[in-house]
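Chains as they are written, first to last, in the numbering used here: chain V, 1 to 167; chain B, 168 to 510; chain H, 511 to 1071.
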Amino acid sequence: MEQKAVKRREKDLKFWERIYIPEILKGLSLTFKNMVRPKFTFEYPEEKFVPSSAYRGRPVLVEEENGEERCVACGLCSRVCPALAIEVQAGETEREKERFPEKFEINMLRCIFCGFCEEVCPEEAIVMSKDYELAFSSREEGIYGKDKLLVPANQLQDRIDFLRQYK
Amino acid sequence: METGIFVLISAIKILLIAVLILMTVAYLTFFERKISAWAQNRLGPNRVGWKGLLQPFADVFKLLLKEDIIPERANKTLHFIAPMIALFVAFSTFAVIPFGPEVHLFGYDIPLVVADVNMGILFVLALTSLGVYALTLAGWSSGSKYSLLGGIRSSAQMISYEISMGFSIGGVLLLSESLRPIAIVESQAGWMWNAVIQPIGFITFFVSAFAETNRLPFDLPEAEPELVGGFHTEYSSMKFAGFFLSEYANMIIASALIVTLYLGGWHIPYIETLGLPSWLVIVLQIGAFIFKLVLLLFLFIWVRWSIPRFRYDQLMNLGWKVMFPLSLINIVWVAILIMVFGL
Amino acid sequence: MPKFTIDNREIEFQQGQTIIEAAIDNGIEIPHFCWHPELSVSGNCRICLVEVEKMPKLVIACSTIAAEGMIVHTQSQNAIEARNVVMEFILINHPLDCPICDEAGECKLQDYTYQYSIGESRFTENKVIKQKHFELGPRVIFDGERCISCSRCIRFCEEIAKDPELTFVQRGDRVTITTYPGQQMDNPYSMNTIDICPVGALTNKDFRFKARVWDMSSTDSVCTGCAKGCNINIWVRNNEILRLTPRYNQDVNSYWMCDHGRLNTFKFVNGEDRINSPHIRKEGQLEKVDWDESFNEAVTRIKSYPKDEIAFLGSAYTTCENNYVLALFAGSVVGSNHIDFISHLDPDFGDDILRKNDITPNKKGAELVGITPSKSGLNFEGMRKAIKEKKIKALLIMEDDIVSSVKDIENVLGNLELLVVLASNFNKTTELADLVFPTATFAEKNGTFVNADGIIQRIKPAVATVEADRALDGFEMSRLDKFGSEFDRWMTGAKMDAKPGWKILKSLSGLLGKKMKFNMAEEIFEDMAANIDAFKGLNYDDVGNSGVKLKTENIENAVTS
Chain V
1 MEQKAVKRRE KDLKFWERIY IPEILKGLSL TFKNMVRPKF TFEYPEEKFV PSSAYRGRPV
61 LVEEENGEER CVACGLCSRV CPALAIEVQA GETEREKERF PEKFEINMLR CIFCGFCEEV
121 CPEEAIVMSK DYELAFSSRE EGIYGKDKLL VPANQLQDRI DFLRQYK
Chain B
168 METGIFVLIS AIKILLIAVL ILMTVAYLTF FERKISAWAQ NRLGPNRVGW KGLLQPFADV
228 FKLLLKEDII PERANKTLHF IAPMIALFVA FSTFAVIPFG PEVHLFGYDI PLVVADVNMG
288 ILFVLALTSL GVYALTLAGW SSGSKYSLLG GIRSSAQMIS YEISMGFSIG GVLLLSESLR
348 PIAIVESQAG WMWNAVIQPI GFITFFVSAF AETNRLPFDL PEAEPELVGG FHTEYSSMKF
408 AGFFLSEYAN MIIASALIVT LYLGGWHIPY IETLGLPSWL VIVLQIGAFI FKLVLLLFLF
468 IWVRWSIPRF RYDQLMNLGW KVMFPLSLIN IVWVAILIMV FGL
Chain H
511 MPKFTIDNRE IEFQQGQTII EAAIDNGIEI PHFCWHPELS VSGNCRICLV EVEKMPKLVI
571 ACSTIAAEGM IVHTQSQNAI EARNVVMEFI LINHPLDCPI CDEAGECKLQ DYTYQYSIGE
631 SRFTENKVIK QKHFELGPRV IFDGERCISC SRCIRFCEEI AKDPELTFVQ RGDRVTITTY
691 PGQQMDNPYS MNTIDICPVG ALTNKDFRFK ARVWDMSSTD SVCTGCAKGC NINIWVRNNE
751 ILRLTPRYNQ DVNSYWMCDH GRLNTFKFVN GEDRINSPHI RKEGQLEKVD WDESFNEAVT
811 RIKSYPKDEI AFLGSAYTTC ENNYVLALFA GSVVGSNHID FISHLDPDFG DDILRKNDIT
871 PNKKGAELVG ITPSKSGLNF EGMRKAIKEK KIKALLIMED DIVSSVKDIE NVLGNLELLV
931 VLASNFNKTT ELADLVFPTA TFAEKNGTFV NADGIIQRIK PAVATVEADR ALDGFEMSRL
991 DKFGSEFDRW MTGAKMDAKP GWKILKSLSG LLGKKMKFNM AEEIFEDMAA NIDAFKGLNY
1051 DDVGNSGVKL KTENIENAVT S
C-alpha cells in the first residue's frame, strides 16, 4: 500500500527554530525596537488634527459677507441626501434671488458625510467644512439649524478653492 | 536578642515590605500599560498626574467604587474567600525573601528578611502550591463555564510546572547545601551565580516561573479570546482587584526568587575589591537587588507583549516533555560538577 | 380607416387628425410645448418638427394633417438635429432658474432638455432681462424671463375660460405676456394656466415655494367644491395638504378645475378649528373626552327617547358610505323614520364650463342610498316643525353645518333635548351640540361620491388620522414618508384623532345591541351594491380612478321608490 506522507507543517523548521529560544529573542528585539521608536500620536484635546481641504467634515452653509446665505432652498441637497438628513423649507424674499431657506436643518444623527449635498449644490452654498468635533447629548441637539450651519465664506475658502479645482 | 525588640523589628519590616509591595504592584500595573503602549507605538496613560504617574491611584479608586457583583449561581462563601487566598499567598511568600545582607543598626544584627527560616525555599514552594486553590476555587465557585474552565486549566498548569520548578531548585540546593534563602545567596558570592553555573536549570526555572504566575505566553487560565476572563470572569470591584494585585505580587515574588536563586541575590561581583565603606556597600547591594528585580519585571512585561499564547496541548507538551527532562538533566549536570570539580 | 407610417410603424388614424394626435393615440411620443390636446393649434414652439418623406422641409406634427400613405420619421437624423436646434434656441433666453423655480421637477422644458438637447449652447451674450415677479391676477404670478412664449395660457383664457384677458406684447426677444389694459387675469379658471404652462413662468401664489414636487405624495381624489366632482390630485407633505391639482378625466372635467375648488376645499383639513377628539357638553361647555365615554354617553341618552322622538340628518357633503350607514342606523338600529338631508344650492356659483349651482359633491348619492324620509317619516321641514312643537327631542346631524346655511334654525334647535353632531371642524352647529364626534374629512377616508351627471367616483385617503398608518393602510407615500422615522421633524405633522362617520355610527349601533359587520368602506359599498339598484354589480375596482356612470333607469327607480 502506498503510504501517504503526512505533511505536518507548511515548512519544516530548522534546528535553531525548533530550539525556539533564538526565535523568542528575535521577537523580543522587534518589540523593543518599537518601544524606542518615536510616537506620532495626536494628544487630542490639546493637539488638534487639521484636515486637508479634501477632508469632509460636517456640512455647513456658506454665509456671504453681507450676512446672507447663498442658499436658495432649491432642495437638491435634501433630495440627493442618501440618509435624508437635510430638511429645507423655502420662503420668499425681496432679494435678487427671490427664494431663500426659511428653515434649513441638517440632522447630524442622520448625516453620513458623503458630500453629495456639496456636489449637487448649484449655488456653492453648502460645503463640507473641516469641523469634525460633533458631540451632543440629545436627539434634538443633533439637529443643526441655520444658526449652527451658517459659516462665513472666508473661513471656508480652502474648501471652496478645492472644489473649484475639480468643477 | 530580646523577644520584644525582635517583634518590633519584625513588625517594622513587615510594614515596610507590605507598603513597598503594594506601591510596586500599583506602579507595575502602570508600567505594564506604558510598556505595552510603547511596544504598540502608542503613548500609554498620560492624563492623570504628571506624565500619568497618578494613574494607578485612579485605577484603584475606580475599582473601589465599582459595584460588587456576585453571580446568582455562585457559591457565595467560596466566591468571597478565593481572592483572599490569592492575596494571602502572594503576600506571605515575601516573608522569606532576603533583599540585602545583614545590617548592624542600633547595636543589633538585623537580617534584611522578614523571617530568616532555615527551610525558606520549602515555605515558598508550599505557599505557591496553595495559590492554586485560589484560582481553582474562584473558577469553581463562580458558577460559570468560563470560570470553571479557567480554574481547571490553572490547576493542571500549575501542578505540571511546579514539578519542573521543584527539580530546577534541586540543582540549586545541591550547590548551596541549605534551604535558607540567605545561605543560598551567600553561596553565590562573586561570579558563582547559579545562572552561570547551571544555565539549563535557570532556563527551566525561569520558564516555569512564567507558567506559575499565569503570565503570557502561559496565561491560559484567563485566555481572553476563549474564556472571556478565565477564572475571574465573574469577579468585579475589589474582589477582582484582589486577583489583579496577587498576579502582580506573584510576578514580584517570582522575580525576587529568580534573583535569589540564580542571579546572586544582592551580590555585586568584585565590590569588595573597591574598598568602599561598609554602609555604602550595603546600600549598593540593596540597590543591586532592586536593580536585578526591576530588570526581571521588565522582562516579564516585555515578554507578555511580544510572544503569543501557547495552545493548551503545547503548554502540556512543553511542561512534561521538555521542561521536566531538562530539569532532571540539570540535576545530573550539577551532580557531575560537584563530583568532578568539588564545588 | 386610413393608415400612415410613423417610425416604420403603420398606424391608423381618423380623417382630419394631425400627426401628433394620431401618434399620441398610438402611444408614440412627439415632444410638444405649445400644443395641448384641448386647445387650438398654435404651432409656435417648433419642437414637434418631424420629417415627412417627399416634403421639402421638416413639418410641425401639431398642425400637419395626417394623410393616407404618409411616411413620418421622428427619429431621423434631420428630426433629431432640428429638435436640438430648437431646444438651443428656446434655451437662449431661458434663465438657469431651476433651483428657485417651483416648476422644477414637473417642468416640460427640464424634461426635454434632458431628452432632446445636446446640453451645450453657442450663445455667449447676456440673456434678456424681463420682469420677474408680475401679478397677472390675484392668484397667479408671472415670470417674464422664464416664459417661452408658447401662448398656451392666452389660448386657455380665450377658448376654455371664455374670458380673453391675456395677450403677447412686443416682438422678437422682447416679447412678453401681459393682461389687456385695465384687466386682470381673474377668471374663475385662471389657475389652470399654471398647470398647462410648460415652464415655470406662471406660478401658484398660494403654493409658491411651499414644497418641492418630489417631496410630496400625490393621491387621486375628487374635488368637493360642487356637484361636478372634478378629478383631482391631493399633494401632501408631512401629513398636510399643500395643493390640489386637476386630474384628467374626459367624462367629467377634462384637464381643468376651477380656482374655488383648487384653493378653498382643502384648507380646513389642516385647519386650526379641526375637532381632535370627541366632546361632551358639561355645565354648558364642550369638554374633551375619550371615545368610550362619548359613545356610552350617546347611547344612554339615545336610549332614553322613544324612537319617534329621534330624527336624523344626513349630508350631501359626505360620502355615499357614510350616508348609507346613517340610513341603516336610523332605520334598523334606532327604528326612526325621520331622516332627511339638506340641499345646498348657490345660484351664483354655477356656469357653463364646470361649476354647478349645487355646491355639495354628493347630493345624488345621498338620495340614492336612502337619506329620504319613508312614508310615515318627516322630511326636514317636518322635523323643523316637530322640533318646535317638541315632538322630536333628539337630533343627530352628520357633517353638515345647518346653522350656517339654514335661516333661523338656531332658535329651533334650542328646543332639542339632545343634539349629536358629527363634524370635522368646529362650526356654528357644533356650538349648539350636546355631543360632538370628530369625523374624518374627504382627504382622510375611502368613499364614493355621485356627481350631478350620475357618475360615481372614488375618494382615497391622503392625510393620515391617528387610527391610520400610511404604509399599512395603502396610502400614497412620498420618499419622506417611506424612509422617515418618528424622530424626524419632517414626520411630525399633526394627526387628528378623528374617524370616518360610519365608524362612529357602527360603534354606537354595537352598543345599542345591533352589530354592523363593516370593517372598511369597501365592505359598505359591497353591501350597497347588493341592496341598492343604482349600484348593482359595482365594486371599488370597477369605479377605479375615473369613475363609472350609473345607469339612468336605476337612478330613476331608486329615487322614486
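Even for Gly, the Cβ is constructed at its ideal location relative to N, Cα and C.
- request: Answer with yes or no whether the minimum CB distance from SER473(B) to chain V is below 8 Å.
  value: So yes, SER473(B) belongs to the interface.
task: Leaving aside the five residues before and after ALA390(B) along the sequence, list all residues of the same chain whose C-beta is less than 7 Å from its C-beta, in chain order.
output: GLY397 and ARG476, listed in sequence order.
Neighbour list for PHE993(H) in chain V, Cβ cutoff strictly below 7 Å: Neighbourhood of PHE993(H) in chain V, by CB distance below 7 Å: LEU84, in chain order.
query: Near VAL256(B), which residues of its chain fall below 6 Å by C-beta distance, leaving aside the five closest residues on each side in sequence?
result: Same-chain partners within the cutoff: LEU294, LEU297 and GLY298.
- prompt: Residues in its own chain within less than 8 Å of ILE919(H) by CB, not counting five upstream and five downstream?
  reply: Beyond the five residues adjoining it in sequence on each side, ILE919(H) comes within less than 8 Å, by CB distance, of ARG894, ILE912 and VAL913 in the same chain, given in chain order.
query: Is it right to say LYS39(V) is buried, meaning 16 or more other beta carbons lie within 10 angstroms of its own, or is it exposed?
result: Burial call: exposed.
task: Could you pull the start and end residues of the beta strand (DSSP E) that ASP276(B) belongs to?
output: DSSP places ASP276(B) in the uninterrupted beta strand (DSSP E) bounded by 275-277.
- prompt: Of the choices ASN361(B), GLU239(B) and LEU460(B), whose alpha-carbon is the least far from that of LEU428(B)?
  reply: Ranked by Cα distance from LEU428(B), the options ASN361(B), GLU239(B) and LEU460(B) are led by ASN361(B).
Coil, strand or helix - SER314(B) by DSSP: When DSSP states are grouped into helix, strand and coil, SER314(B) belongs to the helix group.
- prompt: Can you give the beta carbon distance from GLY984(H) to THR829(H), rounded, assuming they're within the 8 Å contact cut?
  reply: Contact flag wrong, Cβ pair sits at about 18 Å.
- prompt: Does DSSP classify PHE599(H) as helix, strand or coil?
  reply: The three-state secondary structure of PHE599(H), taken from DSSP, is helix.
- prompt: Between THR1070(H) and the rest of its own chain, which residues show a CB-CB distance below 8 Å, the 5 nearest in sequence each way excluded?
  reply: With a pLDDT of 43 at THR1070(H), under the threshold of 50, the modelled position of this residue cannot be trusted; read the value that follows with caution. Contacts found: none.
field: Helix, strand or coil at LEU232(B) according to DSSP, with G and I counted as helix
entry: LEU232(B): helix per DSSP, three-state reduction.
query: Going along the chain, which residues of the segment 192-211 of chain B sit with their C-beta nearer than 8 Å to a C-beta in chain V?
result: Residues passing the 8 Å Cβ filter: ILE202, TRP205, ALA206, GLN207, ASN208, ARG209 and LEU210.
query: Who are the neighbours of HIS643(H) on chain V, taking C-beta pairs under 7 Å?
result: GLU98, listed in chain order.
- prompt: How long is the line joining the alpha carbons of PHE1045(H) and LEU878(H), rounded to whole angstroms?
  reply: Straight across, the Cα-Cα distance linking PHE1045(H) with LEU878(H) is about 9 Å.
query: What residue from VAL709(H), ALA876(H), PHE936(H) and TYR827(H) has the CA that sits closest to ALA953(H)'s CA?
result: A check of alpha carbon separations from ALA953(H) across VAL709(H), ALA876(H), PHE936(H) and TYR827(H) identifies TYR827(H) as the nearest.
- prompt: Taking DSSP as the reference, what is the three-state secondary structure of ALA90(V)?
  reply: In the structure shown, ALA90(V) sits in a strand (DSSP, three-state: E or B).
- prompt: So is PRO788(H) buried or exposed if we call it buried at 16+ other beta carbons inside 10 Å?
  reply: Flag for PRO788(H) reads buried.
As assigned by DSSP and simplified to three states, the class of THR975(H): Per DSSP, reduced to three states, the secondary structure at THR975(H) is coil, with no helix or strand assignment.
query: When DSSP builds the beta bridges, which residues end up paired with PHE859(H)?
result: PHE859(H) is bridged by DSSP to nothing; it lacks a bridge partner.
message: Quick check on this structure: which residue in THR975(H), ARG665(H) and ALA904(H) has the alpha carbon closest to the alpha carbon of VAL551(H)?
response: Closest by alpha carbon: ARG665(H).
message: Taking 8 Å as the threshold (C-beta atoms), are VAL569(H) and HIS583(H) in contact?
response: Their beta carbons are not under 8 Å apart, which means HIS583(H) does not touch VAL569(H) by this criterion.
- prompt: What are the boundary residues of the beta strand (DSSP E) that HIS271(B) is part of?
  reply: Where HIS271(B) is concerned, the enclosing beta strand (DSSP E) stretches over 270-272.
task: Taking only beta carbons into account, state which residues of the segment 465-491 of chain B come closer than 8 Å to chain V, listed in chain order.
output: Result list: TRP469, VAL470, TRP472, SER473 and ILE474.
- request: For chain H, find out if any of its Cβ atoms is closer than 8 Å to the Cβ of LEU61(V); answer yes or no.
  value: At a cut-off of 8 Å, the C-beta of LEU61(V) has no neighbouring C-beta in chain H.
- request: With DSSP as the reference, please indicate the residues paired to GLY957(H) in a beta bridge.
  value: Beta-bridge pairing links GLY957(H) to ILE969(H).
query: Does PRO51(V) get closer than 8 Å to chain H when you measure Cβ to Cβ?
result: Answer no: the Cβ-Cβ gap between PRO51(V) and chain H never drops below 8 Å.
Uninterrupted alpha helix (DSSP H) stretches inside the segment 21-90 of chain V (no shorter than 4 residues): Counting only runs of 4 or more, we get 21-36 and 76-80.
task: Determine the extent of the beta strand (DSSP E) in which PHE822(H) is found, giving its start and end residues.
output: It spans 820-823 - the beta strand (DSSP E) in which PHE822(H) sits, taken as one unbroken run.
- request: Provide the residue span of the beta strand (DSSP E) that contains ALA904(H), from first to last.
  value: Looking at the DSSP string, the run of the beta strand (DSSP E) that includes ALA904(H) is 904-908.
task: Would you give the residue range spanned by the alpha helix (DSSP H) that THR755(H) belongs to?
output: Where THR755(H) is concerned, there is no enclosing alpha helix (DSSP H), although the beta strand (DSSP E) it sits in stretches over 750-756.
query: Quick one, are the C-beta atoms of ILE534(H) and GLU563(H) less than 8 Å apart?
result: With a cutoff of 8 Å on beta-carbon distance, ILE534(H) and GLU563(H) are scored as not near each other.
task: Note down, one range per segment and in chain order, each alpha helix (DSSP H) of at least 4 residues found wholly within the segment 334-420 of chain B.
output: With a minimum length of 4 residues, the continuous alpha helix (DSSP H) runs that stay inside the segment 334-420 of chain B are 348-353, 361-364, 366-379 and 391-394.
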